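**Student:** Start counting the sequence shown at 1; every next residue gets the next number (full-length UniProt numbering). Positions of the beta carbon are idealized from the N, C-alpha and C atoms, including for glycine. Please read all numbers here as calculations on a predicted model, not as lab measurements. Okay, here's the structure, questions in a sec.
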Amino acid sequence: MKYQKFYQKSIQSPEQFWDQQAQQLDWFKIPKTILSKDKYDYNQWFEDGQLNLSYLCIDKHINDGFGEQNAIIYDSPVTNTKEHISFNQLHHEVAKLAGGLQSLGLKKGDTCIIYMPMIPQALYAMLACVRIGVIHSVVFGGFAPHELAIRIDDCKPKAIITASNGIEIERIIPYKPFVDEAISQAKNKPEHVIVFDRKLDVEIPKKDYDVDYTTLVEKSTAIDAVSVASIHPSYILYTSGTTGTPKGIIRDTGGYATALKFSMKYIYGLDEGDVFWAASDVGWVVGHSYIVYGPLLNRNTTILFEGKPIKTPDASTFWRVISEHNVKVMFTAPTAIRAIKKEDPTGHMLKRFDLSCLKYQFLAGERCDVATLTWTEEKLNVPVIDHWWQTESGWPMLANMVGVGLQEVRPGSAGFPVCGYDIQILNEEGEEVEAGVEGFVTVKLPLPPGTLTNLWGNPDRFKFGYLNRFPGFYFSGDGGYKDEDGYVFITGRVDDIINVAGHRLSTAEMEEIVASHRAVAECAVFGVHCEIKGQKPLGLVVLKSGELSDNQLIQKEIIQDVRKEIGAVASFRDVLVVNRLPKTRSGKILRKLLRNIADEQQYNIPSTIDDVKIIDEIKSVYQANFIGIHK
Numbered sequence: 001m002k003y004q005k006f007y008q009k010s011i012q013s014p015e016q017f018w019d020q021q022a023q024q025l026d027w028f029k030i031p032k033t034i035l036s037k038d039k040y041d042y043n044q045w046f047e048d049g050q051l052n053l054s055y056l057c058i059d060k061h062i063n064d065g066f067g068e069q070n071a072i073i074y075d076s077p078v079t080n081t082k083e084h085i086s087f088n089q090l091h092h093e094v095a096k097l098a099g100g101l102q103s104l105g106l107k108k109g110d111t112c113i114i115y116m117p118m119i120p121q122a123l124y125a126m127l128a129c130v131r132i133g134v135i136h137s138v139v140f141g142g143f144a145p146h147e148l149a150i151r152i153d154d155c156k157p158k159a160i161i162t163a164s165n166g167i168e169i170e171r172i173i174p175y176k177p178f179v180d181e182a183i184s185q186a187k188n189k190p191e192h193v194i195v196f197d198r199k200l201d202v203e204i205p206k207k208d209y210d211v212d213y214t215t216l217v218e219k220s221t222a223i224d225a226v227s228v229a230s231i232h233p234s235y236i237l238y239t240s241g242t243t244g245t246p247k248g249i250i251r252d253t254g255g256y257a258t259a260l261k262f263s264m265k266y267i268y269g270l271d272e273g274d275v276f277w278a279a280s281d282v283g284w285v286v287g288h289s290y291i292v293y294g295p296l297l298n299r300n301t302t303i304l305f306e307g308k309p310i311k312t313p314d315a316s317t318f319w320r321v322i323s324e325h326n327v328k329v330m331f332t333a334p335t336a337i338r339a340i341k342k343e344d345p346t347g348h349m350l351k352r353f354d355l356s357c358l359k360y361q362f363l364a365g366e367r368c369d370v371a372t373l374t375w376t377e378e379k380l381n382v383p384v385i386d387h388w389w390q391t392e393s394g395w396p397m398l399a400n401m402v403g404v405g406l407q408e409v410r411p412g413s414a415g416f417p418v419c420g421y422d423i424q425i426l427n428e429e430g431e432e433v434e435a436g437v438e439g440f441v442t443v444k445l446p447l448p449p450g451t452l453t454n455l456w457g458n459p460d461r462f463k464f465g466y467l468n469r470f471p472g473f474y475f476s477g478d479g480g481y482k483d484e485d486g487y488v489f490i491t492g493r494v495d496d497i498i499n500v501a502g503h504r505l506s507t508a509e510m511e512e513i514v515a516s517h518r519a520v521a522e523c524a525v526f527g528v529h530c531e532i533k534g535q536k537p538l539g540l541v542v543l544k545s546g547e548l549s550d551n552q553l554i555q556k557e558i559i560q561d562v563r564k565e566i567g568a569v570a571s572f573r574d575v576l577v578v579n580r581l582p583k584t585r586s587g588k589i590l591r592k593l594l595r596n597i598a599d600e601q602q603y604n605i606p607s608t609i610d611d612v613k614i615i616d617e618i619k620s621v622y623q624a625n626f627i628g629i630h631k
């Protein structure tokens with residue numbers, strides 16, 4: 001009942017509810033206008049307020065007497081490095097880098113791309129940008145130069161901040177050469193590339209636009225945080241679009257800060273001073289909200305982990321980090337747990353560590369299967385909470401709000417709507433469906449603070465993609481249903497976006513690359529079930545008539561093409577050659593049917609199929625090639 005009363009207040013009186021939450025922040029100018037509309041007739045929060053994210057994450061805590069508290073614990077098993085960074089140290093690094101950026105000509109309203117591995121300098125760069133009102137766009141370091149070039153041309157950064165290299169298991173990722181290649185491909189040319197040398201004997205190609213990160217910080221003057229409007233963009237974060245062209249999600253400042261502060265207390269159950277660990281990457285929304293801004297806003301110590309759940313050095317790494325750094329709440333993707341479970345199915349390695357500090361284990365980023373949830377509960381002996389949200393939302397939309405009161409965990413469900421999200425399941429006609437009936441997952445407007453405010457440079461696409469389908473509602477792009485008790489179950493995307501280990505990727509974009517191969521006449525790329533990653537892409541190709549090339553060679557070349565254009569993050573490793581693809585009589589490829597057959601799910605053959613015999617042909621190709629394809 002406590003949750004229901006709290007939640008209903010947020011839905012029935014949103015302005016009063018969020019005004020009270022905004023008062024938890026230290027504003028430079030307290031907002032009087034709580035909810036308003038922009039020129040696109042879309043809701044804005046705290047429009048006349050003024051504040052600064054960097055100030056809230058650092059300066060406020062120092063002013064309150066907590067300068068010596070650990071702000072960040074950097075734990076890097078791949079480099080055998082550990083570093084404890086206090087709020088005072090964080091202030092020194094961020095304020096001087098901000099001064100350096102300002103000396104290079106960056107100012108409020110400019111954009112800056114950050115292409116960094118999981119090192120403290122990535123966080124310094126983000127916090128330095130927001131300190132001076134520069135809009136940052138963090139690009140995941142696993143993306144190939146082509147993907148980076150697309151983002152350079154879209155947000156037109158004045159500078160790029162990068163590092164000499166990233167480190168994977170027994171592999172060096174050459175960041176600086178990737179940046180140089182991306183700039184050569186891009187039409188827009190940034191003025192500066194600020195390079196942090198990790199001193200790992202990696203050769204750094206020199207260019208005229210290069211600026212040495214360390215030298216810049218050393219010679220610069222520390223500066224104070226500037227005041228920005230609540231509706232000023234804090235960052236742009238790109239997410240896969242159904243057309244294959246990434247969408248630049250715009251996040252505001254005041255609404256975002258309000259939502260994150262709220263979420264740390266009421267969703268994750270954290271008090272100021274607690275240690276929190278989100279095992280993600282700063283290139284994703286989880287990294288923005290729950291490695292950087294959320295924990296630091298709430299004066300939590302945040303864990304910055306550079307490694308993998310396994311092989312750095314083994315499947316005990318997560319448990320070591322929790323035990324060693326006294327982590328109270330952890331958040332990771334089900335993929336990570338599945339990888340650990342595969343290496344250590346009995347949980348033997350877990351028993352080597354005292355995990356009594358851990359109170360809750362949160363999972364998100366992809367749909368959590370019941371077996372993974374159950375295994376994690378059994379081994380950790382704490383509540384394991386599946387919750388659901390998106391890059392667009394910026395913070396959870398469905399959750400078990402443990403800070404309000406722990407509800408029954410219902411496996412397969414991501415819980416109840418979070419305060420501010422009036423989640424409704426609609427049918428094609430926009431009518432709410434009954435309990436147990438699957439439909440489109442939507443949120444009645446207005447969305448709460450902290451959610452996307454627009455798409456960078458493309459308000460028409462914003463309206464078309466999210467608002468036009470169901471007027472008065474935000475359309476999430478996911479399908480799902482509510483049970484009779486109000487628990488929400490998310491069943492998956494209703495478009496061509498797949499979720500690979502928590503990473504949203506467009507199969508349309510992969511399909512374009514596959515189709516461009518000289519030997520391919522037509523193709524289909526779609527997501528199939530993967531025991532470890534949740535989903536992975538599978539490509540089916542029909543070769544051109546008279547093509548005599550070796551099938552294995554073609555398959556290898558296609559895989560390399562996708563890796564080159566999108567990056568290893570796509571996990572594109574499976575291509576099957578077929579004689580033809582199932583289509584409707586109007587020529588539409590039946591991708592959902594192909595996926596259901598591959599995953600051995602129940603399927604209906606549409607009456608519009610042009611030739612039903614092709615189903616048996618596809619089945620035989622799957623049966624001949626599917627050994628290990630779901631691993």
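Classify residue 110 as buried or exposed, calling it buried when 16 or more other Cβ atoms lie within 10 Å of its own Cβ.
**Tutor:** Position 110 of the sequence shown holds residue 110. Flag for residue 110 reads buried.
**Student:** Beta carbon of residue 340, beta carbon of residue 309: below 7 Å?
**Tutor:** To locate residue 340, count along the sequence shown from 1; it is residue 340. To locate residue 309, count along the sequence shown from 1; it is residue 309. The answer is yes: Cβ separation under 7 Å.
**Student:** For residue 574 and residue 611, I'd like the C-alpha separation in whole angstroms.
**Tutor:** Translated into positions along the sequence shown, residue 574 becomes position 574. Translated into positions along the sequence shown, residue 611 becomes position 611. Near 25 Å, if we compare the C-alpha coordinates of residue 611 and residue 574.
**Student:** Quick one: residues in its chain with C-beta nearer than 6 Å to the C-beta of residue 473, no 5 flanking neighbours on either side, listed in chain order?
**Tutor:** Here residue 473 corresponds to residue number 473 of the sequence shown, with the count starting at 1. Closer than 6 Å at Cβ, skipping near neighbours: 442, 444.
**Student:** Would you tell me roughly how many angstroms separate the C-alpha atoms of residue 559 and residue 508, rounded to the nearest one?
**Tutor:** Within the sequence shown, residue 559 is the residue found at index 559, counting from 1. Within the sequence shown, residue 508 is the residue found at index 508, counting from 1. Those two C-alpha atoms are separated by around 15 Å.
**Student:** Under three-state DSSP, which class holds residue 421?
**Tutor:** Taking the first residue of the sequence shown as position 1, residue 421 is located at position 421. Three-state DSSP puts residue 421 in coil, outside helix and strand.
**Student:** Using the DSSP secondary-structure output, state which residues sit across from residue 76 in a beta bridge.
**Tutor:** As a first step, residue 76 is located in the sequence shown; it is residue number 76 there, counting from the start. Answer is 81, bridged to residue 76.
**Student:** Determine the contact status of residue 249 and residue 233, defining contact as a CB-CB distance below 7 Å.
**Tutor:** By 1-based counting over the sequence shown, the position of residue 249 is 249. By 1-based counting over the sequence shown, the position of residue 233 is 233. The answer is no: Cβ separation not under 7 Å.
**Student:** Taking the continuous beta strand (DSSP E) assigned at residue 330, which residues delimit it?
**Tutor:** Within the sequence shown, residue 330 is the residue found at index 330, counting from 1. Start and end: 329-332.
**Student:** I'd like to confirm the pairing. Which residues does DSSP put opposite residue 360 in its beta bridges?
**Tutor:** Here residue 360 is taken as the residue at index 360 of the sequence shown, counted from 1. DSSP lists 329 as partners of residue 360.
**Student:** For the alpha helix (DSSP H) holding residue 670, just list the boundary residues, first then last.
**Tutor:** Examination of residue 670 is not possible in this model, given that the chain is present from 1 through 631 alone.
**Student:** Kindly list the residues whose CB is nearer than 8 Å to the CB of residue 217, restricted to its own chain and excluding five residues on each side of it in sequence; keep chain order.
**Tutor:** Taking the sequence shown and counting its residues from 1, one reaches residue 217 at position 217. These residues qualify, in order along the chain: 93, 96, 97, 100.
**Student:** Do residue 387 and residue 371 have their C-beta atoms closer together than 7 Å?
**Tutor:** As a first step, residue 387 must be located in the sequence shown, where it is residue number 387. As a first step, residue 371 must be located in the sequence shown, where it is residue number 371. Result no, Cβ atoms of residue 387 and residue 371 do not sit closer than 7 Å.
**Student:** Three or more C-beta pairs closer than 8 Å, one from the segment 33-41 and one from the segment 258-277: is that the case here?
**Tutor:** Short answer: they don't touch.
**Student:** How do the segment 388-407 and the segment 426-439 stand: do at least 3 beta-carbon pairs fall below 8 Å, yes or no?
**Tutor:** Contact between the segment 388-407 and the segment 426-439 is absent, because fewer than three Cβ pairs lie under 8 Å.
**Student:** Per the DSSP calculation, residue 3 is bridged to which residue(s)?
**Tutor:** Within the sequence shown, numbered from 1, the residue matching residue 3 stands at position 3. None, per the DSSP bridge assignment.
**Student:** Shortest alpha-carbon distance to residue 156 belongs to which of 503, 175, 187, 128?
**Tutor:** Numbered from its first residue, the sequence shown carries residue 156 at position 156. When each option's Cα is compared against that of residue 156, the closest is 187.
**Student:** Alpha carbon to alpha carbon, how far is residue 564 from residue 492?
**Tutor:** Within the sequence shown, the letter at position 564 stands for residue 564. Within the sequence shown, the letter at position 492 stands for residue 492. Using only the alpha carbons, I get a separation of about 28 Å.
**Student:** Assuming residue 515 is part of the beta strand (DSSP E), what are its boundary residues?
**Tutor:** Reading the sequence shown from its first residue, position 515 is the one you call residue 515. Here residue 515 belongs to no beta strand (DSSP E); instead the alpha helix (DSSP H) covers 507-515.
**Student:** What's the gap between the Cα of residue 459 and the Cα of residue 622?
**Tutor:** On the sequence shown, residue 459 is found 459 positions in, with the first residue counted as 1. On the sequence shown, residue 622 is found 622 positions in, with the first residue counted as 1. Going by the C-alpha atoms only, they are around 42 Å apart.
**Student:** Can you grab the Cα-Cα spacing for the pair residue 151 / residue 205, in whole Å?
**Tutor:** Stepping through the sequence shown from its first residue, residue 151 is reached at position 151. Stepping through the sequence shown from its first residue, residue 205 is reached at position 205. Whole-angstrom Cα-Cα distance: 22 Å.
**Student:** Work out the CA separation of residue 552 and residue 324 for me, nearest whole Å.
**Tutor:** In the sequence shown, counting from the first residue as 1, residue 324 sits at position 324. In the sequence shown, counting from the first residue as 1, residue 552 sits at position 552. Cα-Cα distance, rounded: 48 Å.
**Student:** For the putative contact between residue 53 and residue 293, defined by C-beta atoms under 8 Å, what is the C-beta separation to the nearest angstrom?
**Tutor:** Here residue 53 is taken as the residue at index 53 of the sequence shown, counted from 1. Here residue 293 is taken as the residue at index 293 of the sequence shown, counted from 1. So it is a contact: roughly 6 Å between Cβ atoms.
**Student:** Where does residue 494 fall in DSSP's three states?
**Tutor:** For the purposes of this step, residue 494 is taken as the residue at position 494 of the sequence shown. In the structure shown, residue 494 sits in coil (DSSP, three-state: anything other than H, G, I, E or B).
**Student:** Can residue 192 and residue 213 be called in contact, C-beta distance under 7 Å?
**Tutor:** Position 192 of the sequence shown, counted from the first residue, corresponds to residue 192. Position 213 of the sequence shown, counted from the first residue, corresponds to residue 213. Not a contact, by the Cβ cut-off of 7 Å.
**Student:** By DSSP, does residue 145 sit in helix, in strand, or in coil?
**Tutor:** As a working mapping, residue 145 is identified with position 145 in the sequence shown. If DSSP states are grouped into helix, strand and coil, residue 145 belongs with the helices.
**Student:** In the DSSP output, what is residue 537 paired with across the bridge?
**Tutor:** Translated into positions along the sequence shown, residue 537 becomes position 537. BP columns for residue 537 point to 527.
**Student:** Is DSSP giving residue 112 helix, strand or coil here?
**Tutor:** Here residue 112 corresponds to residue number 112 of the sequence shown, with the count starting at 1. Strand.
**Student:** Evaluate contact between the segment 245-265 and the segment 358-378, counting only Cβ atoms and requiring at least three cross-stretch pairs below 8 Å.
**Tutor:** With a cut-off of 8 Å, the segment 358-378 and the segment 245-265 do not count as touching, because too few Cβ pairs lie within range.
**Student:** When you compare each of 45, 416, 452, 593 to residue 8 by their alpha carbons, which one comes out closest?
**Tutor:** In the sequence shown, counting from the first residue as 1, residue 8 sits at position 8. Ranking the options by Cα distance to residue 8, first place goes to 416.
**Student:** Which residue marks the beginning of the beta strand (DSSP E) containing residue 247, and which one marks its end?
**Tutor:** Translated into the one-based positions of the sequence shown, residue 247 becomes position 247. It spans 247-251 - the beta strand (DSSP E) in which residue 247 sits, taken as one unbroken run.
**Student:** Where does the unbroken alpha helix (DSSP H) through residue 372 begin, and where does it stop?
**Tutor:** On the sequence shown, residue 372 is found 372 positions in, with the first residue counted as 1. Note, residue 372: alpha helix (DSSP H), 370-380.
**Student:** Per DSSP, what kind of secondary structure is residue 33 in: helix, strand or coil?
**Tutor:** As a working mapping, residue 33 is identified with position 33 in the sequence shown. It is coil, neither helix nor strand.
**Student:** Comparing alpha-carbon positions, which option in 76, 480, 395, 592 lies nearest residue 198?
**Tutor:** Sequence index remark: in the sequence shown, residue 198 carries index 198 (1-based). The option with the nearest alpha carbon to residue 198 is 76.
**Student:** Give me the Cα-Cα distance between residue 235 and residue 222, rounded to the nearest whole angstrom.
**Tutor:** Taking the sequence shown and counting its residues from 1, one reaches residue 235 at position 235. Taking the sequence shown and counting its residues from 1, one reaches residue 222 at position 222. Looking at the two C-alpha atoms, the distance is approximately 22 Å.
**Student:** Leaving out five residues before and five after residue 281 in sequence, what residues of the same chain have Cβ atoms less than 7 Å from its Cβ?
**Tutor:** The sequence position of residue 281 within the sequence shown is 281, counting from 1. Excluding positions up to five away in sequence, the list reads 118, 140, 287.
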